[in-house]
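J.: Mapping to the working numbering: the sequence shown position 280 is 280, numbers consecutive.
Beta carbons: idealized from backbone N, C-alpha and C, even for Gly.
Keep in mind that this is a model prediction, so the values were computed, not measured.
Here you go, one structure.
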Amino acid sequence: MDVDVGAEPPMIPARHETLWFPGGDIVLATNTFLFKVHKDLLALQSSVFKDMFGLEQAVEDVQGILQLGDSYEGLPAVALAGDEGKDVAHLLQAAYYREYYDRDNDETPLEVIVALLVLSNKYDFKHIQSEVMKQLSRLYPRKLDAFDEVDDNGYYDDLFGTGRIWCEYRLLKACLMTNTTVLLPLLYYACAFLGVDEIYVEADRAGGLDRDYLRTLIGGKFQVDLASRKLVASLPDEFYSISCSSCKVSTRFSKLDEQIAPHLWSYRGNTLASSVLVGSCKVCSARLESRIDEKREEIWEKIPSYFGFPGWDEL
């Protein structure tokens, strides 16, 4: 028999330092940690655990994510299939200690946010899931003016302990894993901020995205970029149709070819009009600003469709 003398022995899970309660009545087992916790607390917060604990015999539950039947030091033991010990630790800390996770704290480490999002969905911890969704919905709002404000107030600042741009691919992957449809168009749009080469780099850093998801992201990015370029290209004709007779003669456009940006924030009416108009009166400039903002709203309404989703109201 051949023996691989260089093979590392399998890792033996260790008791978690803080999530091993003397009064616990069940052991949760992961690849790295064992957790001695309380059935009642888990059943109160998670329908998956509640259903499993209600089974009289040791069987695999219908979702295929829990296996009851082993024991550890006389207590029933449950193997959590496919879950990293550190991620389960974040979930249990949030379940036991409400102060562990605060939806208003945007400095919470990204790995905590991702773990809570994925596992609260997997095990149906509704309260934790709701809190995480409220935080992410605040950071990725559906309304254009609200997303403009996010862009305007530090899009390049840190979020969840890392650069906001760089954490969004991890969030996108987590939402794809959990089918969190309500956030997917917004995260696709946010990730489309980068160039195509950078998209591949960041997707790899996030652990990889399936080919179909990458195709959706890049295809949607091209549609957003095309719509933005069409907006800019239409400005001379738009201005001519709304301007006074004097401005029709005296006004000219400048630097139209330089108006290239990945997000609609850069195409706000006052910003774009002041960048390209030369010699216009204030009234006609204001008219063009309003027309630009109307066109931005039209593009925003189509953002979900660019990434293969129904309209905002249908998500």
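Residue range of the beta strand (DSSP E) that residue 261 falls in?
T.: By 1-based counting over the sequence shown, the position of residue 261 is 261. Neither: residue 261 is in no beta strand (DSSP E) and is coded neither H nor E.
J.: Taking the alpha-carbon positions, what's the residue 207 to residue 254 distance?
T.: The residue you call residue 207 lines up with position 207 of the sequence shown. The residue you call residue 254 lines up with position 254 of the sequence shown. Taking the straight line from one Cα to the other gives about 43 Å.
J.: Using the C-alpha atoms, what's the distance from residue 29 back to residue 81?
T.: Here the question's residue 81 lines up with position 81 in the sequence shown. Here the question's residue 29 lines up with position 29 in the sequence shown. Each residue's alpha carbon lies about 9 Å from the other.
J.: Check for me: the beta strand (DSSP E) holding residue 268 runs from which residue to which?
T.: Sequence index remark: in the sequence shown, residue 268 carries index 268 (1-based). Segment: none, residue 268 is in no beta strand (DSSP E) and carries neither H nor E.
J.: Considering only the alpha carbon of each residue, which of 222, 182, 15 and 299 lies closest to residue 85?
T.: Looking up residue 85 in the sequence shown gives position 85. If you compare the alpha carbons of 222, 182, 15 and 299 with that of residue 85, the shortest gap goes to 15.
J.: At the level of alpha carbons, what is the spacing between residue 313 and residue 302?
T.: Here residue 313 refers to the residue found at position 313 when the sequence shown is read from its first residue. Here residue 302 refers to the residue found at position 302 when the sequence shown is read from its first residue. Looking at the two C-alpha atoms, the distance is approximately 12 Å.
J.: Which same chain residues end up closer than 8 Å to residue 267 when comparing Cβ atoms and leaving out the 5 residues on each side of it in sequence?
T.: Start at 1 with the first residue of the sequence shown, and residue 267 comes out as number 267. Counting only Cβ-Cβ distances below 8 Å, and skipping sequence neighbours, we find 228, 231, 232, 259, 261, 292 and 296.
J.: Which runs of the beta strand (DSSP E) spanning at least 3 residues fall entirely within the segment 26 to 102, listed in chain order?
T.: Fully enclosed beta strand (DSSP E) runs of 3 or longer: 26 to 29, 33 to 37, 66 to 72 and 75 to 80.
J.: Let me know the alpha helix (DSSP H) ranges lying completely inside the segment 121 to 191, each 4 residues or longer, listed in chain order.
T.: Note on the segment 121 to 191: whole alpha helix (DSSP H) runs with a minimum of 4 residues are 126 to 139, 144 to 152, 164 to 178 and 184 to 191, in chain order.
J.: Please state if the CB of residue 41 and the CB of residue 89 are separated by a distance shorter than 8 Å.
T.: Taking the first residue of the sequence shown as position 1, residue 89 is located at position 89. Taking the first residue of the sequence shown as position 1, residue 41 is located at position 41. For residue 89 and residue 41, no; Cβs fall outside 8 Å.
J.: For the pair the segment 208 to 223 and the segment 236 to 256, tell me if three or more CB-CB distances fall below 8 Å.
T.: no
J.: Do residue 148 and residue 265 come within 8 Å of each other at the CB atom, strictly closer than that value?
T.: Stepping through the sequence shown from its first residue, residue 265 is reached at position 265. Stepping through the sequence shown from its first residue, residue 148 is reached at position 148. Taking 8 Å as the Cβ cut-off, residue 265 and residue 148 qualify as a contacting pair.
J.: Among 11, 72 and 34, which residue has its Cα nearest to the Cα of residue 20?
T.: On the sequence shown, residue 20 is found 20 positions in, with the first residue counted as 1. With respect to the C-alpha of residue 20, the residue from 11, 72 and 34 having the closest C-alpha is 34.
J.: For a quick check, are the C-beta atoms of residue 191 and residue 159 less than 8 Å apart?
T.: Numbered from its first residue, the sequence shown carries residue 191 at position 191. Numbered from its first residue, the sequence shown carries residue 159 at position 159. No, these two residues do not count as a Cβ contact at 8 Å.
J.: Have a look at 79, 73, 72 and 22 and flag the residue whose alpha-carbon is nearest the alpha-carbon of residue 49.
T.: For the purposes of this step, residue 49 is taken as residue 49 along the sequence shown, with counting starting at 1. Closest option to residue 49, Cα to Cα, is 79.
J.: Are the CB atoms of residue 114 and residue 170 nearer to each other than 8 Å?
T.: Within the sequence shown, residue 114 is the residue found at index 114, counting from 1. Within the sequence shown, residue 170 is the residue found at index 170, counting from 1. Yes. Within cutoff.
J.: With residue 20 as the anchor, note down where its beta strand (DSSP E) starts and where it stops.
T.: Start at 1 with the first residue of the sequence shown, and residue 20 comes out as number 20. Note, residue 20: beta strand (DSSP E), 14 to 20.
J.: Express the C-alpha separation of residue 168 and residue 126 in angstroms, rounding to a whole number.
T.: Position 126 of the sequence shown, counting from 1, holds the residue named residue 126. Position 168 of the sequence shown, counting from 1, holds the residue named residue 168. Whole-angstrom Cα-Cα distance: 23 Å.
J.: Under 8 Å, do residue 25 and residue 92 count as touching if we go by C-beta distance?
T.: Counting from 1 along the sequence shown, the entry for residue 25 is found at position 25. Counting from 1 along the sequence shown, the entry for residue 92 is found at position 92. Contact: no.
J.: Excluding the five sequence neighbours on either side, which residues of its own chain have a C-beta within less than 6 Å of the C-beta of residue 43, listed in chain order?
T.: As a first step, residue 43 is located in the sequence shown; it is residue number 43 there, counting from the start. Cβ within range, chain order: 49, 50 and 53.
J.: Under a three-way DSSP split, which group does residue 194 fall into?
T.: Indexing the sequence shown from 1 puts residue 194 at position 194. Three-state result, residue 194: coil.
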